[in-house]
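Heads up: the sequence shown begins at 5 in my numbering, then just goes up one per residue. Take a look at the structure below.
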Amino acid sequence: LTASLWSALMIAATVLSSEFFGRSLFSFGILVIPSFIVFLSRFSGQELSRNKFFAVMILPLLVSVLCPIEGALFKEMKVEGYSIITLAPGPLLPIFEATYFAYFLISIYSIYRAYKRITGIKRVQLNYLVVGFALTIGAATILDMILPMMQIFSFAVFGPLAIFPLAIVMIYVATKHHLLEGRVVLSELWSFLFVLIVLAFPLGVGTLE
Numbered sequence: 005l006t007a008s009l010w011s012a013l014m015i016a017a018t019v020l021s022s023e024f025f026g027r028s029l030f031s032f033g034i035l036v037i038p039s040f041i042v043f044l045s046r047f048s049g050q051e052l053s054r055n056k057f058f059a060v061m062i063l064p065l066l067v068s069v070l071c072p073i074e075g076a077l078f079k080e081m082k083v084e085g086y087s088i089i090t091l092a093p094g095p096l097l098p099i100f101e102a103t104y105f106a107y108f109l110i111s112i113y114s115i116y117r118a119y120k121r122i123t124g125i126k127r128v129q130l131n132y133l134v135v136g137f138a139l140t141i142g143a144a145t146i147l148d149m150i151l152p153m154m155q156i157f158s159f160a161v162f163g164p165l166a167i168f169p170l171a172i173v174m175i176y177v178a179t180k181h182h183l184l185e186g187r188v189v190l191s192e193l194w195s196f197l198f199v200l201i202v203l204a205f206p207l208g209v210g211t212l213e
């Protein structure tokens, strides 16, 4: 859900030339990794109380709420064509980046803990999930964080494509290796179709132009 909303806001920002949507997409971008950490905890059979859940999510949620505020992440943001151009870091950006990379490290530790707890088919499932997660987060980090920091913005439009590896892997593991239950598989298929529709829209607009 967080990855789909991040992807949708990326498209909305560029198609509608909306700086507000451009700022808001960072709100869901910062929640993708913490959400995966929560998923890993439940997947590996760890008890996840309400307090533990909020302990994991509280900092990303606070950063998420602040992201849409004008001037918080970047003092200036422009939407030109299908590129979101960010200029002059705002006071929230160092906190955003520190949170993102800290949770990336926590996710690696969570994967390690999950491997220690599970065996059999669950370990097979986790192998696929880790590959999908690594490809998605790696691509998103390069396209939407590292390259923009180097003032290279022309590739950011391909950011939403980063969701494909994780979506494809989850659907494959759900159908071939019995990940999750049937109704959840249907929701995964719906999420994948939603992303396809969202991505097809700007391509169609670009063709018309």
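From the three backbone atoms N, C-alpha and C, an ideal C-beta is built for every residue, glycine too.
Subject >> residue 52 - DSSP class collapsed to helix/strand/coil >> reply: coil
**OP:** Take residue 19 as the anchor and find which of 39, 88, 111 has the nearest alpha-carbon.
**Re:** 88
Subject >> Coarse secondary structure for residue 154, derived from DSSP in three states >> reply: coil
Original post:
Rounded to a whole number of angstroms, what is the C-alpha to C-alpha distance between residue 25 and residue 157?
Top reply: 17 Å
Original post:
Run through DSSP, which three-state label would residue 210 get?
Top reply: Here the model assigns residue 210 a pLDDT of 43, short of 50, so the residue's position is not dependable, and the following value carries that caveat. It is helical.
Subject >> Boundaries (first-last residue) of the alpha helix (DSSP H) holding residue 21 >> reply: It is not in any alpha helix (DSSP H) - residue 21 carries neither H nor E in the DSSP assignment.
Original post:
If we call anything under 7 Å between Cβ atoms a contact, is residue 94 one with residue 78?
Top reply: yes
**OP:** Tell me whether residue 219 sits in a helix, a strand or coil according to DSSP, three-state version.
**Re:** Residue 219 is absent from the structure shown; the chain starts at 5 and stops at 213.
Original post:
Where does residue 130 sit, in a helix, a strand or coil, going by DSSP?
Top reply: helix
Subject >> residue 129, buried or exposed, once every other Cβ within 10 Å from all chains shown has been counted against 16 >> reply: buried
**OP:** Would you kindly work out how many angstroms separate the C-alpha atoms of residue 12 and residue 49, rounded to a whole number?
**Re:** 31 Å
Original post:
Nearest to residue 64 by CA position, among 47, 51, 110, 81, is which residue?
Top reply: 110
**OP:** Out of 143, 137, 103, 59, state which residue places its alpha-carbon closest to the alpha-carbon of residue 115.
**Re:** 137
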